[in-house]
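If you're matching positions, the sequence shown starts at 61 in the working numbering and goes up one per residue.
For each residue, glycine too, the CB sits at the ideal point set by N, CA and C.
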Amino acid sequence: MAQANRVTVAGRLIELDALRHTPAGVPMLKFRLQHDSVQTEAGGERKVSFEIAAVAFEREARLLASAKLGSSVKVNGFLAARSRSSRAPLLHATQVEFAEGE
61 MAQANRVTVA GRLIELDALR HTPAGVPMLK FRLQHDSVQT EAGGERKVSF
111 EIAAVAFERE ARLLASAKLG SSVKVNGFLA ARSRSSRAPL LHATQVEFAE
161 GE
């Protein structure tokens, strides 16, 4: 059976590292996203608020490099472990869209 791992999160950019390059020369940028919403669960409404660490490569990294903190974005991607030693989730952004006017 195929394993699904697709995530879409909308939120605000609360941290943006400088644009860097991998040893292979691929542009990369680490960032952090703050999400706040109200979700329906078990017939009731639940306030949801969290921060998630993320990384973007290539076009998405260059796009985020020119963004401003506080910008509203929608990020599509997948989750992976941060590293071999840290199993904490890291959002790998494969598509970044800015809210209109930002």
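- Distance from the CA of Gly-137 to the CA of Thr-100, rounded to the nearest whole angstrom, comes to 23 Å.
- Within a 10 Å sphere around the beta-carbon of Gly-104 sit fewer than 16 other beta-carbons, which makes this residue exposed.
- Within the DSSP bridge table, the entry for Gln-94 names Arg-72, Glu-111 as partners.
- C-alpha of Leu-151 to C-alpha of Val-115: approximately 6 Å in a straight line.
- With a threshold of 16 other beta carbon atoms within 10 Å, Gly-71 meets it and is buried.
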